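Colleague:
Residue numbers (this note's numbering): 3 to 274.
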């Protein structure tokens, strides 16, 4: 069973920072396992629907008895698209995620209470947010699954001016990574390009530095073997050598998230 709400609809808040325009969905399994809820964080120009529902993740997690909390990032899916750039900053989003998890009833990990804490799955941009969230919330986050991560930050390297010129008058984008991200965003149903560019601008102010805050939880890192960003896994693995690595045969950055092997590996890892 799924329920949807905006974060501001919760009866009270105990943590500062939530934007009430964020769309949060809560999915309850028919038979709950004695394990924490799972927070899902989607990628750039995606949404709960695209990244997690249509790819079968939510159904698979529910079948495994896991409660699922999923959120559309600002400017994505059914969430609002604020005009101020600060609403899109990674630090603000992490504060929002903490508020959402707290409102949903997630509580710090407690010995003898296997349902306590929070497991987190992030994909692409969501894996960057999950990495930082786990590093900054060690008392709450129990396990992390990072899908399609990168040791570099493609959004921080994004040519914002070129993207703006392209949207204004069609001037071709020379940078291949920027052009690919814009093409992907335009192909995503209902994308608000100006909101997405606000997110890029905010990320440029807070570029990803994996070494700045390193999560200490058990971590599963997964990527398609044909993912052009998979080379960055080595940099992350060097920071967390205990992490488990899964390469998904025949998959790239776009379609690795749909792989059954990825879902199975993640669900088994989170059940430990």
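The C-beta atom is built at its ideal place from N, Cα and C for all residues, glycine as well.
Because the structure is a prediction, the values reported are computed rather than measured.
Per DSSP, residue 120 is paired with what?
Modeller: 143
Colleague: Any idea what DSSP makes of residue 246, helix, strand or coil?
Modeller: Correct three-state label for residue 246: strand.
Colleague: On the three-state DSSP scale, how would you describe residue 111?
Modeller: coil
Colleague: To test your reading of the DSSP string, which unbroken beta strand (DSSP E) runs of 3 or more residues are found completely within the segment 194-270?
Modeller: 221-226, 246-250
Colleague: Whose C-alpha, out of 108, 264, 40, is nearest the C-alpha of residue 251?
Modeller: 264
Colleague: Can you confirm whether the segment 22-32 touches the segment 161-174 when touching is taken to mean that 3 or more C-beta pairs between the two stretches lie within less than 8 Å?
Modeller: no
Colleague: How far does the alpha helix (DSSP H) with residue 63 in it extend, from its first residue to its last?
Modeller: DSSP places residue 63 inside the alpha helix (DSSP H), whose first and last residues are 59-65.
Colleague: Nearest by alpha-carbon distance to residue 106: which of 71, 97, 129, 82 is it?
Modeller: 71
Colleague: Check the C-beta distance from residue 146 over to residue 266 and give it rounded, since I have them as a contact under 8 Å.
Modeller: Between residue 266 and residue 146 the Cβ distance is about 17 Å, and since that is not below 8 Å, they are no contact.
Colleague: Kindly list the residues whose CB is nearer than 7 Å to the CB of residue 241, restricted to its own chain and excluding five residues on each side of it in sequence; keep chain order.
Modeller: 212, 213, 216
Colleague: With which residues is residue 125 paired in a DSSP beta bridge?
Modeller: 149
Colleague: Looking at the structure shown, is residue 17 part of a helix, part of a strand, or coil, going by DSSP?
Modeller: Low per-residue confidence applies at residue 17: pLDDT is 43, beneath 50, and the placement is therefore not dependable, though the value from the model is reported in the following sentence. Correct three-state label for residue 17: coil.
Colleague: DSSP on residue 41, reduced to helix/strand/coil?
Modeller: strand
Colleague: Could you check whether residue 253 and residue 226 sit closer than 8 Å to each other, using their CB atoms as the reference points?
Modeller: yes
Colleague: Considering only the beta carbon of each residue, do residue 103 and residue 142 sit closer than 8 Å?
Modeller: yes
Colleague: Comparing alpha-carbon positions, which option in 69, 195, 130 lies nearest residue 78?
Modeller: 195
Colleague: Mark residue 113 as exposed unless 16 or more other C-beta atoms lie within 10 angstroms of its C-beta, in which case mark it buried.
Modeller: exposed
Colleague: Relative to the alpha-carbon of residue 23, which residue among 42, 208, 39, 89 has its alpha-carbon at the smallest distance?
Modeller: 89
Colleague: Pick from 43, 200, 115: whose alpha carbon is nearest that of residue 60?
Modeller: 43
Colleague: Straight-line CA distance for residue 175 to residue 187?
Modeller: 14 Å
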